[in-house]
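Have a look at the structure below, then the notes.
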Amino acid sequence: RPTRPYWFLRTKGMARPVFSPDSRLVAAVGHLALSDDDVAPKHRKQELLSTQVFDPATGQPLGPELPVGVPILDGCFSPDGSIMALACAVAERSKQTVLLPDGKAGSMQLWDWKTGKQIGEPIAMPSEPHTIVWHPSKGQIAIGCAAGQTLKIDVASRKVSTLFEAKVEHQTWRWHPGEWDSCSMSFAAGGDQLLWCFGGQSHVLDFRKGSIRYSPPTWKSWSTSLTSRNDVYLNSFVNHAPRALRLTQDRGWKWIKKPNDSDILTLGSGSVAKLSRDGRYVVCGGIVAHTTQVHDLEWRRIACPPFGDGATDVDFIYGTPFVVTAVEGNPWTVHFWDRISGRIAAPTLEIPGCDLLTWIRVAENGRFAAMTCHPYGLLVCDLQSFHDNPLQRVSPQDAMNLAIMNSGSQIYSGRMSKLLEGEKWIELWDDFASRHPDFHRVDIPLDLAIRDHQTRAAEFETLNNTTAAAFHRRMANALLEKPDAVKPEPAKVPAGLESDLATLTRAIEDQPERAAAWRDRAAWFASNRQWQLAADDLTKVLEMTPDDSQSYLRLSPLLILAGNHDGYRSICREMLKQFDDATAETTVEQTIKTCLLQPEAMDLAALPIETLDKVLSADEPTHMMLAWGSATRALYAFRAGDAQAAVDWADKSLDHSISSQQQALALAIQALSLRQLGDLKKAGEKLGMATDLIESALAEFSQDRNLRGWQDWLIADILRTEAEQETKILSKNPDGATDD
Numbered sequence: 045r046p047t048r049p050y051w052f053l054r055t056k057g058m059a060r061p062v063f064s065p066d067s068r069l070v071a072a073v074g075h076l077a078l079s080d081d082d083v084a085p086k087h088r089k090q091e092l093l094s095t096q097v098f099d100p101a102t103g104q105p106l107g108p109e110l111p112v113g114v115p116i117l118d119g120c121f122s123p124d125g126s127i128m129a130l131a132c133a134v135a136e137r138s139k140q141t142v143l144l145p146d147g148k149a150g151s152m153q154l155w156d157w158k159t160g161k162q163i164g165e166p167i168a169m170p171s172e173p174h175t176i177v178w179h180p181s182k183g184q185i186a187i188g189c190a191a192g193q194t195l196k197i198d199v200a201s202r203k204v205s206t207l208f209e210a211k212v213e214h215q216t217w218r219w220h221p222g223e224w225d226s227c228s229m230s231f232a233a234g235g236d237q238l239l240w241c242f243g244g245q246s247h248v249l250d251f252r253k254g255s256i257r258y259s260p261p262t263w264k265s266w267s268t269s270l271t272s273r274n275d276v277y278l279n280s281f282v283n284h285a286p287r288a289l290r291l292t293q294d295r296g297w298k299w300i301k302k303p304n305d306s307d308i309l310t311l312g313s314g315s316v317a318k319l320s321r322d323g324r325y326v327v328c329g330g331i332v333a334h335t336t337q338v339h340d341l342e343w344r345r346i347a348c349p350p351f352g353d354g355a356t357d358v359d360f361i362y363g364t365p366f367v368v369t370a371v372e373g374n375p376w377t378v379h380f381w382d383r384i385s386g387r388i389a390a391p392t393l394e395i396p397g398c399d400l401l402t403w404i405r406v407a408e409n410g411r412f413a414a415m416t417c418h419p420y421g422l423l424v425c426d427l428q429s430f431h432d433n434p435l436q437r438v439s440p441q442d443a444m445n446l447a448i449m450n451s452g453s454q455i456y457s458g459r460m461s462k463l464l465e466g467e468k469w470i471e472l473w474d475d476f477a478s479r480h481p482d483f484h485r486v487d488i489p490l491d492l493a494i495r496d497h498q499t500r501a502a503e504f505e506t507l508n509n510t511t512a513a514a515f516h517r518r519m520a521n522a523l524l525e526k527p528d529a530v531k532p533e534p535a536k537v538p539a540g541l542e543s544d545l546a547t548l549t550r551a552i553e554d555q556p557e558r559a560a561a562w563r564d565r566a567a568w569f570a571s572n573r574q575w576q577l578a579a580d581d582l583t584k585v586l587e588m589t590p591d592d593s594q595s596y597l598r599l600s601p602l603l604i605l606a607g608n609h610d611g612y613r614s615i616c617r618e619m620l621k622q623f624d625d626a627t628a629e630t631t632v633e634q635t636i637k638t639c640l641l642q643p644e645a646m647d648l649a650a651l652p653i654e655t656l657d658k659v660l661s662a663d664e665p666t667h668m669m670l671a672w673g674s675a676t677r678a679l680y681a682f683r684a685g686d687a688q689a690a691v692d693w694a695d696k697s698l699d700h701s702i703s704s705q706q707q708a709l710a711l712a713i714q715a716l717s718l719r720q721l722g723d724l725k726k727a728g729e730k731l732g733m734a735t736d737l738i739e740s741a742l743a744e745f746s747q748d749r750n751l752r753g754w755q756d757w758l759i760a761d762i763l764r765t766e767a768e769q770e771t772k773i774l775s776k777n778p779d780g781a782t783d784d
């Protein structure tokens, strides 16, 4: 049994965890962030100058503190765990020192952690060393440096050779919460391949020759990681959906497709994604994601209902059907989810006093997880205390039975299939509980179990999953027949589902003056594509909040989708009158965008474009305005007939975008503009990218009315549809000829 469920590895600076290959050791390494100019300034300048090796099972140190004395940026263990290799900066580290040559930026150090002694002298690096990995079977180390050099170091001879060199764009502002490094490297294919991601680029390198074997298809975004499991490659990007790839027989890249084999598989928004050990599943989350999603690459679909809020980091618990996530809040929390049913798998772990929880790493044996936990240092969890498959406590068959009981279906090859009868569920549970009396789920009161099944039944009914709903109904009824059952109050259906419409309406009836109640019901109508009803509710909101530019922005796409074009133009006129002398940058940007959703809806001369131009040309415009404002400026240029300027402004928006909505809007505008320029091929490419993002988001919106920024997705879809129609027309009439 675990000695304790979790413990803190205290550090004297911001830290990230590293495990030894055999999972028996854990230590802290630092991070790359430099100064208060970066995001989350209170976490910067907290450099890690020493480290120590601990036993993750007990939390006890196994060796003395290693007095490195300079910032530790990354580190790894040797294959046998006896040595730590550290990538270190210089003592007076700054943005000016990062690219200095000849050891003036940093060094690689080897330490015998058991004795606390450094092995030999530090090895000078050609620029600051940022990432370091040890070959799984050779005494060789690969280390990536800031200026794009990748070195191979033979540990025994200390010989240093240049493995690969690439021109990279060094941008410190790329370091932000959730992605604390601008580079990553890992070995694949038994050590033959070095997966290299640096300066926004990704390559698969031949470790023996140092040449590029393959490069993933390009995507207009900053690549953050390239990983591989079981011949599946996962390429992640800043604020873009990650892409899953395989190598074809001709050794070229091939996207993993959707069932119709026509589109790239979009795995979900967010900047963090992890592969399961067998390469079948991908879990996606991140600071810009609204939920965490698990995708089944074999069946090419979402594996279970999305769960939880957007997480700062995610990972699979190896050897189990569970996922661990770190979630921002007050307090910050660690969650454990069942990737088969989408249900919570264990009690949530709350971390009072924490102000940053991220960088989750699960040990290869699946027993431990460690993560950055500021200001404590590292949080190390013994997963046997949390998830439903304690590796040394239940058999593989019991683990499968637990997954079956969670999902309510028989499971074959990881896929839910045949409905599980309520009586069979009780039989499985009673058998399991009799052999594992200390298992935490035994303590769940019967009335809560009944209510849980009633609630789940209602959820599945609203999602038209009658099979799952029938199981939970039968399960609740079977439990009610137990002698000690206490019939609970009827379960309330969670907000956001179709059966909740009556609840939303009652909320309006109870407080008709509350604008939020009308907005909630409008979102429900919109998620169910009842555009006019949604527009009616938001018209009421506009009457109550005429000085809120968001009220006009939400209403305008609904009027267009409902076919009420006169109503849309009327709203534009009202908005221009209301905000005639507005100077707030967000209000100005939203006013212009609202009035440009349809061609020739408003006189362009009436729009406050000069004010927006002043905002965008300021010395330090906000990152948000550079994304949204540049996209709106692109749309204005397109409506004004300057298609090339529209393409350029949309490029600027994409360079600064921090959400998928912004990217979808800019891509749709580029598709329109490139079509006008006659470049149908590029227009089609941009249209396809926008369609991927929009269809994925609207599919999520149909299941969750609380999708953040849903009106932005509708706006992007309106422009995407316009681009699609115009491209089809031009394709049929390449010379611009009409039927007349």
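To convert, note that position 266 of the sequence shown is 310 in the working numbering; the numbers rise steadily by one, no gaps. A virtual CB, placed ideally from N, CA and C, is assigned to each residue, including glycine.
Taking a contact as a CB-CB distance under 8 Å, the pair residue 581 and residue 566 counts as one, their CB atoms being some 4 Å apart. If only complete runs of 4 or more residues are kept, the region 681-709 shows the alpha helix (DSSP H) at 687-700, in order along the chain. Remark: C-beta atoms of residue 426 and residue 100 approach each other more closely than 9 Å. In this structure, DSSP gives residue 399 a state outside helix and strand, which the three-state scheme calls coil.
Looking from the CA of residue 767, the closest CA among 726, 188 and 233 belongs to 726.
The shortest CA-to-CA distance from residue 72 to any of 240, 121 and 668 is the one to 121.
In this structure, residue 123 places its C-beta atom within 9 Å of the C-beta atom of residue 65. Just measuring C-alpha positions, the residue of 615, 428, 235 and 376 sitting nearest residue 407 is 428. Where residue 593 is concerned, the enclosing alpha helix (DSSP H) starts and stops at 593-605. For residue 627, the number of other beta carbons within 10 angstroms of its own is below 16, and it is reported as exposed. Distance from residue 415 to residue 49 at the Cβ level is roughly 14 Å; contact not present, criterion being Cβ atoms closer than 8 Å. Within the DSSP secondary-structure output, residue 110 pairs in a beta bridge with 95. In the three-state DSSP reduction, residue 184 falls in the strand class (E or B). According to the DSSP assignment, residue 251 belongs to no alpha helix (DSSP H), since it is labelled neither H nor E. Going by DSSP, residue 611 is part of the alpha helix (DSSP H) stretching over 609-622. In the displayed model, residue 369 falls within a strand according to three-state DSSP.
Counting along the chain, no alpha helix (DSSP H) covers residue 73; the unbroken beta strand (DSSP E) around it starts and ends at 70-73. Take residue 59, set aside five residues on each side of it, and the residues of its chain with a beta-carbon closer than 6 Å to its own are 72, 92, 421 and 422, in chain order.
Assignment of residue 356 by DSSP, reduced to helix, strand and coil, places it in the coil class. Between residue 247 and residue 208, the C-beta gap is smaller than 9 Å, which places the two residues in contact.
Excluding residues up to 5 positions away in sequence, 568 lie with their Cβ nearer than 7 Å to the Cβ of residue 545 in the same chain. Boundaries of the alpha helix (DSSP H) around residue 552: 545-554. The C-alpha of residue 114 is placed about 6 Å away from the C-alpha of residue 133. Residue 268 is classed as buried because its beta carbon has at least 16 other beta carbons within 10 Å across all chains shown. The shortest CA-to-CA distance from residue 657 to any of 639, 676 and 646 is the one to 676.
With fewer than 16 other Cβ atoms inside 10 Å of its own Cβ, residue 138 counts as exposed.
For residue 563, no beta strand (DSSP E) segment is defined; the enclosing uninterrupted segment is the alpha helix (DSSP H) at 559-571.
The shortest C-alpha to C-alpha distance from residue 180 to any of 149, 633, 616 and 232 is the one to 232. With a cutoff of 9 Å on beta-carbon distance, residue 692 and residue 678 are scored as near each other.
With a threshold of 16 other beta carbon atoms within 10 Å, residue 205 falls short and is exposed. The C-beta distance from residue 369 to residue 389 rounds to 11 Å, too long to fall under 8 Å, and the pair is not in contact. In this structure, 638 is the residue among 638, 556, 672 and 744 with its C-alpha nearest to the C-alpha of residue 600. If you draw a straight line from the Cα of residue 706 to the Cα of residue 715, it comes to about 14 Å.
Nearest to residue 704 by C-alpha distance, out of 196, 668, 729 and 517, is 668. Distance from the CA atom of residue 365 to the CA atom of residue 384, rounded to whole angstroms, is 7 Å.
Per DSSP, reduced to three states, the secondary structure at residue 318 is strand.
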